[in-house]
Amino acid sequence: MTGKSDLDVIVVGAGFAGLYMLHRLRGAGFRTRVVEAGGGVGGTWYWNRYPGARCDVESMEYSYSFSNELQQEWEWTERYAGQPEILRYANHVADRFDLRRDITFHTRVAGAVFDEGEKRWLVTTDTGESVSASFVVMATGCLSSANLPDFEGRDSFSGETYHTGRWPPEGVDFAGKRVGIIGTGSSAIQAIPIIAAEAKRLTVFQRTPNYSIPARNKPLDPEYVREIKAEYPELRANNLRMHAGFGSRVHHNDVPASSDDADDREANYAARWQHGGFTFLGAYNDLLRSREANETAAEFVRQRIRDTVQDPGVAELLCPDNVIGCKRPCLDAGYFETYNRANVELVDARERAIERITPNGVVAGGREFELDCIVFATGFDAMTGALLGVDIRGRGGIELKQAWNEGPRTYLGLSTVGFPNLFLITGPGSPSVLTNMIVAIEQHVDWIADCLRDLSREGRATIEATRQAQDDWVAHVNAVAGLTLYPTCNSWYLGKNIPGKPQVFMPLIGFPPYAQMCEQVAANGYEGFDLG
Ligand code: FAD
Ligand code: NAP
Numbered sequence: 005m006t007g008k009s010d011l012d013v014i015v016v017g018a019g020f021a022g023l024y025m026l027h028r029l030r031g032a033g034f035r036t037r038v039v040e041a042g043g044g045v046g047g048t049w050y051w052n053r054y055p056g057a058r059c060d061v062e063s064m065e066y067s068y069s070f071s072n073e074l075q076q077e078w079e080w081t082e083r084y085a086g087q088p089e090i091l092r093y094a095n096h097v098a099d100r101f102d103l104r105r106d107i108t109f110h111t112r113v114a115g116a117v118f119d120e121g122e123k124r125w126l127v128t129t130d131t132g133e134s135v136s137a138s139f140v141v142m143a144t145g146c147l148s149s150a151n152l153p154d155f156e157g158r159d160s161f162s163g164e165t166y167h168t169g170r171w172p173p174e175g176v177d178f179a180g181k182r183v184g185i186i187g188t189g190s191s192a193i194q195a196i197p198i199i200a201a202e203a204k205r206l207t208v209f210q211r212t213p214n215y216s217i218p219a220r221n222k223p224l225d226p227e228y229v230r231e232i233k234a235e236y237p238e239l240r241a242n243n244l245r246m247h248a249g250f251g252s253r254v255h256h257n258d259v260p261a262s263s264d265d266a267d268d269r270e271a272n273y274a275a276r277w278q279h280g281g282f283t284f285l286g287a288y289n290d291l292l293r294s295r296e297a298n299e300t301a302a303e304f305v306r307q308r309i310r311d312t313v314q315d316p317g318v319a320e321l322l323c324p325d326n327v328i329g330c331k332r333p334c335l336d337a338g339y340f341e342t343y344n345r346a347n348v349e350l351v352d353a354r355e356r357a358i359e360r361i362t363p364n365g366v367v368a369g370g371r372e373f374e375l376d377c378i379v380f381a382t383g384f385d386a387m388t389g390a391l392l393g394v395d396i397r398g399r400g401g402i403e404l405k406q407a408w409n410e411g412p413r414t415y416l417g418l419s420t421v422g423f424p425n426l427f428l429i430t431g432p433g434s435p436s437v438l439t440n441m442i443v444a445i446e447q448h449v450d451w452i453a454d455c456l457r458d459l460s461r462e463g464r465a466t467i468e469a470t471r472q473a474q475d476d477w478v479a480h481v482n483a484v485a486g487l488t489l490y491p492t493c494n495s496w497y498l499g500k501n502i503p504g505k506p507q508v509f510m511p512l513i514g515f516p517p518y519a520q521m522c523e524q525v526a527a528n529g530y531e532g533f534d535l536g
């Protein structure tokens with residue numbers, strides 16, 4: 005890459021965001037290069053190859069909509085596609101739109117410094133290269149910076165260790181092994197049933213029990229696929245009007261939980277439980293606004309756990325006591341059933357915290373669990389981890405780390421004061437992780453591509469959010485979250501999973517009004533931005 009200073013845009017990351025950004029920018033005539041730390045495209049689906057990894061938004065909707073030819077020709081095989089299939093799809097997209105020639109793989113962006121005189125970013129990489137461009141787009145992912153907690157003695161373990169978000173491409177053979185898994189979030193809940201079936205013994209270290217809803221994954225019926233494809237543009241348009249950018253084909257019951265009596269509520273929850281997937285949380289419109297309403301749904305799930313898990317003590321340990329939905333809900337295939345297996349043990353790591361890791365295993369509550377392998381299903385430094393992993397310096401040498409030391413501050417989740425010509429895709433302050441992320445990605449990419457086209461047409465060299473617009477935006481994001489139950493539990497949305505991380509509710513709730521605001525901002529000549 006050295007010497008390529010004739011670039012208009014550098015895009016960091018080649019997941020779904022970086023791939024589509026490259027396609028749009030190239031189409032608009034911008035000289036663009038994508039820099040990707042991994043050895044291939046796909047981002048999340050390149051790194052998260054743990055057993056059972058699959059999407060939790062249905063495949064027919066968790067896919068790009070920007071090309072009708074693409075969505076017509078690609079054949080999804082399951083209701084929720086598995087990781088290998090989604091990775092094949094990302095590779096297909098890269099080939100179909102000839103994207104690879106502008107992507108540099110195996111290269112991590114280490115720093116980016118804004119040169120105020122030249123009005124260009126100088127980007128440096130871990131391979132010792134440097135390259136400059138007028139704009140930088142951070143397509144670095146909200147869930148790409150793996151969180152490996154600093155357990156005492158972690159590196160002394162003599163067996164094998166894995167993180168779900170950095171899974172070896174060749175896979176792992178657990179046969180005959182004593183495996184420990186730390187964490188019970190979405191990744192663990194998908195992996196546990198499969199590892200349990202393979203390993204000699206599986207010990208699950210659970211700090212916080214989680215709600216999980218059956219995915220009811222199944223092969224896709226060709227008739228159903230034909231039906232969707234016949235009306236794809238309409239489905240995509242309807243999804244843009246949905247709160248989270250998906251699910252317009254299922255019924256969202258726009259009434260509060262109190263409008264049904266207990267029997268009808270139970271029947272409603274049961275039907276949705278049977279259908280599987282996030283439809284469950286569409287049972288009533290106040291589940292994330294009223295504690296009373298929420299408790300009816302939460303208790304329904306607890307009852308299913310008690311019905312499923314034979315040992316009543318284990319069932320109680322698995323029953324969450326927080327608000328359902330305020331952490332990202334999980335979808336599973338036989339998760340709770342797994343605790344009926346004789347080779348699976350649940351360790352309460354809340355009461356009996358993990359004390360340390362030894363060469364032989366994990367010590368929790370004073371007992372040593374001897375293990376051959378430890379799987380860290382401990383999640384990510386979400387939303388800010390990958391952004392702050394790059395040494396970004398804006399106007400006057402200000403560091404992004406410094407600017408965000410009390411939590412991320414953005415305007416529209418797209419831009420931050422002091423860092424002209426730097427765009428974030430699905431950044432903090434935008435709906436991002438509370439949506440079907442491909443919808444959020446496409447909306448951001450389209451907005452950024454249109455913005456660069458407009459700047460170029462008007463001969464503008466820089467764009468930067470104003471302090472006032474940013475302050476108002478941060479207040480808006482907090483105010484919207486404050487009307488809901490989202491801030492009530494220790495979620496990664498709030499940064500609570502990372503010791504010392506500032507606790508700020510990072511995503512904006514509600515996709516459709518957000519997309520409308522972005523459109524208005526552009527239509528009003530990029531209101532809230534200074535154009536230089
Ligand atoms: P990513 O896919 O994370 O890609 C970012 C890329 O940037 C990575 O390849 C990374 O290597 C690269 N990168 C980061 N920093 C640097 C750097 N400094 N230099 C160079 N390269 C860098 N969302 C949904 O909507 N539905 C789902 O069903 C769903 N399932 C998920 C399942 C799992 C296991 C996980 C972890 C997430 C899931 N998500 C889901 C969220 C998922 O992250 C998004 O849907 C989407 O794939 C994000 O795409 P992206 O391109 O924004 O980021
Ligand atoms: P996660 O939801 O953050 O779960 C991490 C787990 O590790 C939690 O159970 C957490 O406990 C535990 N943990 C973390 N640090 C710990 C420590 N020091 N000691 C003990 N336990 C610790 O991470 P994830 O499961 O990887 O999922 C992250 C997100 O990725 C999801 O919310 C979702 O958005 C996405 N995802 C989606 C799917 C899908 O179904 N399509 C699958 C995987 C991931 P606490 O809860 O107590 O913090």
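Letter 374 of the sequence shown, counting from 1, is numbered 378 in this note's numbering, and no numbers are missing. Heads up, the beta-carbon is just placed ideally off N, CA and C, and yes, glycines get one too. Being a predicted model, the structure only gives us computed values, none of them experimental.
Beta-carbon separation (whole angstroms), residue i vs residue j, contact threshold 8 Å
i	j	result
A483	R345	Wrong, their Cβ atoms sit about 47 Å apart, outside the cutoff.
V179	V449	Reading off the sequence, residue 179 comes out as Ala, not Val. Not confirmed; about 43 Å, so no contact.
F533	I467	5 Å
D376	R182	5 Å
L239	R253	7 Å
V97	L74	7 Å
V16	A143	6 Å
I361	R158	5 Å
G389	S149	3 Å
G383	N214	The pair is not a contact, with the Cβ atoms about 12 Å apart (cut-off 8 Å).
Y490	C330	5 Å
R124	S134	That pair is no contact at about 12 Å.
W49	I107	Not a contact, Cβ separation roughly 16 Å.
N221	A337	6 Å
The ligand NAP heavy atom lying under 7 Å from the CB of residue i
i	result
S190	yes
C59	yes
L74	no
R211	yes
G47	no
F384	yes
R332	yes
A85	no
I186	yes
N494	yes
F437	Just to set this straight, residue 437 is Val in the shown sequence, not Phe. Result yes, Cβ under 7 Å from the ligand NAP.
N440	no
T194	Per the sequence shown, residue 194 should be read as Gln rather than Thr. Answer for Q194: yes, Cβ within range of the ligand NAP.
Heavy atom of the ligand FAD within 7 Å of residue i beta-carbon
i	result
G43	no
S148	yes
N52	yes
Y66	yes
I452	no
G393	yes
I198	no
G169	yes
Sheet register partners of residue i (DSSP bridge)
i	result
Q210	D352
T129	V113
G398	For G398, which the question treats as bridged, DSSP gives no partner whatsoever.
L428	M142
L535	I467
D119	R124
Y415	S419
G184	T207, I378
R58	G86
F384	A150
V437	According to DSSP, which records beta bridges pairwise, V437 is partnered with nothing at all.
Distance cut-off 7 Å: residue i Cβ against heavy atoms of the ligand SAH
i	result
F20	Among the ligands in the structure shown, the ligand SAH does not appear; only the ligand FAD and the ligand NAP can be found there.
Completely contained beta strand (DSSP E) runs for the stretch 136-170, where each covers 3 or more residues: Within the stretch 136-170, the complete beta strand (DSSP E) runs of at least 3 residues are 164-167.
The stretch 359-376 contacting the stretch 404-414, beta-carbon criterion three pairs below 8 Å: no
Run through the stretch 310-370 for me and flag every whole beta strand (DSSP E) of 3 or more residues, listed as ranges in chain order. The beta strand (DSSP E) runs of length 3 or more contained entirely in the stretch 310-370 are, from start to end of the chain, 334-336, 348-352, 358-361, 365-368.
Pairing CB atoms from the stretch 272-284 with CB atoms from the stretch 467-481, are three or more of them under 8 Å? no
For the stretch 510-529 against the stretch 102-111, do three or more pairs of beta-carbon atoms, one drawn from each stretch, fall closer than 8 Å, so that the two count as touching? no
Just checking, does the stretch 153-172 make contact with the stretch 397-404 on the three C-beta pairs under 8 Å criterion? no
Check whether the stretch 32-42 touches the stretch 61-69, taking contact to mean three or more Cβ pairs, one atom from each stretch, closer than 8 Å. No: the two stretches stay apart, fewer than three of their Cβ pairs being nearer than 8 Å.
Any beta strand (DSSP E) of 3 or more consecutive residues that is wholly inside the stretch 253-308: none
Give a yes or no on contact between the stretch 307-323 and the stretch 239-248, applying the rule of three or more CB pairs nearer than 8 Å. When Cβ pairs closer than 8 Å are counted between the two stretches, the stretch 307-323 is seen not to touch the stretch 239-248, the count staying below three.
Is there contact between the stretch 115-122 and the stretch 310-325, where contact requires at least three CB pairs shorter than 8 Å? no
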